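Notes follow the structure.
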Amino acid sequence: MSKAITPREQDYSQWYIDIVLKAGLADYSAVKGCMVIKPYGYALWENMRDALDKMFKETGHVNAYFPLFVPKSLFEAEEKNAEGFAKECAVVTHYRLKTDPNNKGKLMVDPDAKLEEELVVRPTSEAIIWNTYKGWIQSYRDLPILVNQWANVVRWEMRTRLFLRTAEFLWQEGHTAHATKQEALEETVKMLHVYGEFAENFMAMPVIKGVKSANERFAGAEDTYCIEAMMQDGKALQAGTSHFLGQNFAKAFNVTYLDKNNKQEFVWATSWGVSTRLIGALIMTHSDNEGLVLPPKLAPIQVVIVPIAKNEEQLAAVRARMQPLMDELKAKNIRLKFDDADNRTPGWKFAEYEMKGVPVRIAVGPRDLENNTVELARRDERTKEVKSMDGLAAGIEQLLVEIQENLYKRSIQLRETMITPVDTYEDFKKVLSEKGGFISAHWDGTSETEEAIKTETKATIRCIPLDQVAEDGLCIYSGKPSKGRVLFAMAY
RNA sequence: CGAGGUGUGGCGCAGUUGGUAGCGCACCUGGUUUGGGACCAGGGGGUCGUCAGUUCGAGCCUGGCCACCUCGACCA
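Counting from 2, one number per residue, gives the positions in the first sequence under my numbering.
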């Protein structure tokens, strides 16, 4: 592994790629656009997944699993959804290979094994799930259905980026069914807040909650709510979405229930999801030129102990001295690694764990054993100090909390500087090209205006913030009246 | 899909006028080391992306093909 990563200032894209590869999160694979998530990256995802899963269950959801394949006839049932995804669907047409008679040792698709009906590899699961829900729902007593699934999906993207947009990715998708519009709307917003809370509390990543404009809405949704995060380079990243699907899927799949008055009604739906893209968001929110920076709540390793020893006896002495501390930390459920690998020097390990974003590092050597101290280093601020071994476990526990808070504080400060209100299109273009970030501006509410701005500047409306203040103004583009500001940005 | 790039040991790369493959890191052994990516000595490991052509001889020349990456277009 080479030593340096490309500095952020020099080439942000390359910096990001370097972090992903050199921190050992993921690798390129033999398949274009698909990545291998390596153990360290997967451990990070597992921590995210576990925290989210707990939050889903606390809000009454249960997990289930639906098929990877969606028969084409089901996939196309909800027209807007199908159209929206059609261009990026992988399709299974055959179910068998055979040896190629003209090419020894090679296989070919068996033309006799053509499927009667093509199977779409799910880019999202609304279709297969709503086809299933049809059989689950007869009465209002069957509602609500609050199901989530952890799964992989495939979207055959032209252009991929590690974690941010891969052809196959891991995610969770919640699919709920409700008796009333009101309840479905409440669910949509509730899950948006779950995502917001996860982003802020666990990822230490500030997000803006809002609603998508019609142009950016999920195909098949009545409304798409989202959390939008601001990356260090001034580009926005959609970090999670929660969709109010109305009765679109219920109508497409004829999912109805009998209400208390024995009246047949269509079911109301929501769906919501976050993906491994969050790992990309995490990287671009906190990391620096030394590598990854991870919030303690999600870090696979929260504390690493690097022993410094000239020989086996010294190593044994360090280990013995650290054992009580390690026991204490483990009792506090702190994820810990004691790195006694003898083929790496301490200096190498210091650099390596900084690259991997481990929040707290402890170095202990003979000098410390003598003085009853350790060297304690924190990744977020890259500072280190000598601390007494006495009361260290509690101090470390506190430090992890402090680092978590500091990362959030730091990123929200940066984010605040990245929201710029503008009142003219000239200023809009100027801020966009010179500074980036979110631009808060008046918009007349039409798709035409949004489209025109996108064509001219590549910026899109990231969201209409939920906390938008009522303010009369004029659309920066059309000059028509507007009742509040929306957020524009260049986006990933 | 457009532009560019790259394919040589696990990784990163070099390879001159064509003469039968090398460097750094990593790995193995031994020793010295270890407080910010250690050092010495010895050692193992490569059908040079693929197919064809030119040639006595191809990593190198010619042509085709394939793969992956980057940037852009596209993208809920």
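Ideal Cβ placement from N, Cα and C applies to all residues, glycine included. All values derive from a computational prediction rather than experimental measurement.
Assign residue i to one of two classes, buried (16 or more other C-beta atoms within 10 Å of its C-beta) or exposed (fewer than that).
i, result
"S3", "Legend: pLDDT at S3 = 49, less than 50; position of this residue unreliable, no value from coordinates given."
"L108", "exposed"
"Q239", "buried"
"N132", "buried"
"E371", "exposed"
"D369", "buried"
"P68", "exposed"
"L98", "exposed"
"A178", "buried"
"P422", "exposed"
"T167", "buried"
"S276", "buried"
"A251", "buried"
"H287", "buried"
"T225", "buried"
"R142", "exposed"
"V307", "buried"
"R345", "exposed"
"A460", "buried"
Cβ of residue i within 9 Å of Cβ of residue j?
i, j, result
"I465", "V122", "no"
"F206", "A253", "For the sequence presented, residue 206 should be read as Met rather than Phe. No, the Cβ-Cβ distance between M206 and A253 is not below 9 Å."
"L147", "G61", "yes"
"K357", "L295", "yes"
"P367", "A318", "yes"
"Y13", "D289", "no"
"A185", "A270", "yes"
"R463", "A490", "yes"
"L393", "L377", "yes"
"S243", "L193", "yes"
"I454", "L488", "no"
"Y354", "D343", "no"
"D428", "L475", "no"
"N82", "N249", "yes"
"T125", "V93", "no"
"V208", "A220", "no"
"E59", "R156", "no"
Using CA atoms only, rank isn't needed, just tell me which of the options is closest to residue i.
i, options, result
"M285", "W151, A230, M419 and N103", "A230"
"A300", "E119, V268, L22 and D381", "D381"
"W505", "V37, Q405, L53 and Y41", "Residue 505 is absent from the structure shown; the chain starts at 2 and stops at 493."
"T161", "K430, N312, M36 and E47", "M36"
"M390", "N373, D328 and L401", "N373"
"T384", "N255, L45, S412 and F351", "F351"
"V63", "V387, K430, P145 and S483", "P145"
"M232", "I413, E406 and N334", "I413"
"I404", "R379, E89, V387 and R218", "R379"
"L259", "W16, A180, E47 and E472", "A180"
Please report the distance separating the alpha-carbon of residue i from that of residue j.
i, j, result
"E127", "L279", "22 Å"
"G437", "N202", "26 Å"
"E266", "H176", "19 Å"
"V470", "P72", "45 Å"
"R9", "T189", "37 Å"
"I420", "T450", "21 Å"
"I138", "L246", "17 Å"
"I18", "A215", "33 Å"
"A152", "V359", "28 Å"
"G396", "E435", "43 Å"
"Q150", "K55", "13 Å"
"D468", "G485", "10 Å"
"G34", "L165", "11 Å"
"E174", "S74", "21 Å"
"K410", "V195", "20 Å"
"P40", "M49", "14 Å"
"P347", "V304", "15 Å"
"K105", "A87", "36 Å"
"V365", "Q399", "20 Å"
"P112", "D28", "35 Å"
"D445", "S479", "7 Å"
"L26", "G85", "31 Å"
"V387", "Q324", "19 Å"
"A44", "E118", "38 Å"
Tell me the start and end of each unbroken alpha helix (DSSP H) in the segment 156-209 that is at least 4 residues and wholly inside, in chain order. 182-198
Contiguous alpha helix (DSSP H) assignments of at least 4 residues, all confined to the segment 276-335: 278-287 and 313-332
Which runs of the alpha helix (DSSP H) spanning at least 4 residues fall entirely within the segment 386-425, listed in chain order? 393-418
Mind listing, in chain order, the continuous alpha helix (DSSP H) runs of no fewer than 4 residues lying wholly within the segment 68-97? 73-76 and 80-87
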